[in-house]
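Have a look at the structure below, then the notes.
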Amino acid sequence: YQRRVRAVLTKPEILSLPELAANPFNERILDVFSQTGDGRMNFEEFLDMMSQFSSKAPLNTKIDIAFRIYDFNDDGEICEKDLEKVVLFLIQPSVTGGNLSTEDRQKVVNNVIREMDMDDDGTISYLDFKHGMSKLNGFEESFKITL
């Protein structure tokens, strides 16, 4: 008889990795990959996350993960509210000291939607996102975690 022990990494343990600690989307990344929804991961989930963020992961894999991270309400599209959160995560006023006025943040959101929303429905579908990201120079290289 062999007892299987399932190792679980806690949220603080995972977030202590410098590569994740510095990422403004670190907690959202854990939400996307954690089956429990509380940031804890078993070893298999952790390996899955790290392989999808590896430099060898295909572009389509990186696009899929980025879409899931930016789709905060998990409704299968990136809406204005999702983009507002993305902008806030990126500027992180409490960390960077930078800030954008509400009006400027709205301009950024509107510009992103205008540039990426191919069917003019006011949201960014997965296909819209995939098309936009595949044209973006450097996306694949910047969307990785190296341990």
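Residues in the sequence shown are numbered from 1 upward in steps of one, following the working numbering.
Glycine included, C-beta positions come from ideal geometry on N, C-alpha and C.
Just so it is clear, the structure is predicted and the values come from calculations on it, not from any experiment.
Rounded separation between residue i and residue j - CA only
| i | j | result |
| --- | --- | --- |
| L88 | V109 | 11 Å |
| F139 | R28 | 19 Å |
| L47 | D104 | 39 Å |
| N42 | E141 | 27 Å |
| E77 | P24 | 21 Å |
| H131 | I65 | 14 Å |
| D121 | I69 | 21 Å |
| I124 | D82 | 10 Å |
| P12 | N137 | 33 Å |
| K62 | S55 | 10 Å |
| A57 | M116 | 24 Å |
| A7 | D31 | 18 Å |
For residue i, the three-state DSSP class (helix, strand or coil)
| i | result |
| --- | --- |
| I113 | helix |
| L149 | The structure shown does not extend to residue 149, since the chain spans only 1 to 147, so no value can be given for it. |
| A66 | helix |
| K144 | coil |
| T102 | helix |
| K56 | coil |
| S51 | helix |
| T36 | coil |
Paired residues, beta bridge with residue i - DSSP
| i | result |
| --- | --- |
| L9 | M41 |
| S125 | E77 |
Residue i beta carbon near the ligand GTP (any heavy atom closer than 6 Å)
| i | result |
| --- | --- |
| M50 | In the structure shown, the ligand GTP is absent, as is every other ligand, since no ligand is present at all. |
Pair within 7 Å by beta-carbon distance, residue i and residue j
| i | j | result |
| --- | --- | --- |
| F129 | F67 | yes |
| F72 | M49 | no |
| I145 | E45 | no |
query: So, do the region 109-119 and the region 77-87 have three or more beta carbon pairs nearer to each other than 8 Å?
result: Because the criterion of three Cβ pairs below 8 Å is met, the region 109-119 and the region 77-87 touch.
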